[in-house]
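In the working numbering, the protein residues as written are 11 to 133.
Backbone N, C-alpha and C define an ideal beta-carbon position, used for all residues, glycine too.
Computed from a predicted model, the values in this text were never measured in an experiment.
Written out below as structure tokens is the structure these notes cover.
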């Protein structure tokens, strides 16, 4: 199972209001991407093939060099061809996986899963 330290950087950034879009998480060409302003006035853009790589980049921004230990496949329950958004609601601090486009490519706003702890979204 996932350890509470596996995705600490991602959960911190989600709580700050950063959103992560992702596409095809279990397919051949997964994409996880986000962009947000930094304190110096620039924009940080991250586009990776796995959630672990996003975690590594965000840990680097926090100057945290603790390695990501687990190699489990997050979001296996979403299958292939999924397009969605990860975010955290302000106030209630609930982490949410939302479908942005359904299997047919039509826009959707369906909440797939929500949880109090980010790791509960992963499997």
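Counted within 10 angstroms of its Cβ, other Cβ atoms place residue i as buried (16 or more) or exposed
| i | result |
| --- | --- |
| residue 116 | exposed |
| residue 21 | buried |
Where residue i sits in the DSSP three-state scheme
| i | result |
| --- | --- |
| residue 78 | coil |
| residue 128 | helix |
| residue 54 | strand |
Enclosing alpha helix (DSSP H) for residue i [first to last residue]
| i | result |
| --- | --- |
| residue 69 | 61–71 |
| residue 21 | 18–25 |
C-alpha distance - residue i paired with residue j, whole-angstrom precision
| i | j | result |
| --- | --- | --- |
| residue 219 | residue 50 | Outside the modelled stretch of the chain, which goes from 11 to 133, sits residue 219, for which no answer is possible. |
| residue 103 | residue 25 | 7 Å |
| residue 54 | residue 113 | 30 Å |
Range covered by the beta strand (DSSP E) that runs through residue i
| i | result |
| --- | --- |
| residue 96 | 93–98 |
| residue 90 | Premise fails: residue 90 is in no beta strand (DSSP E) and is neither H nor E. |
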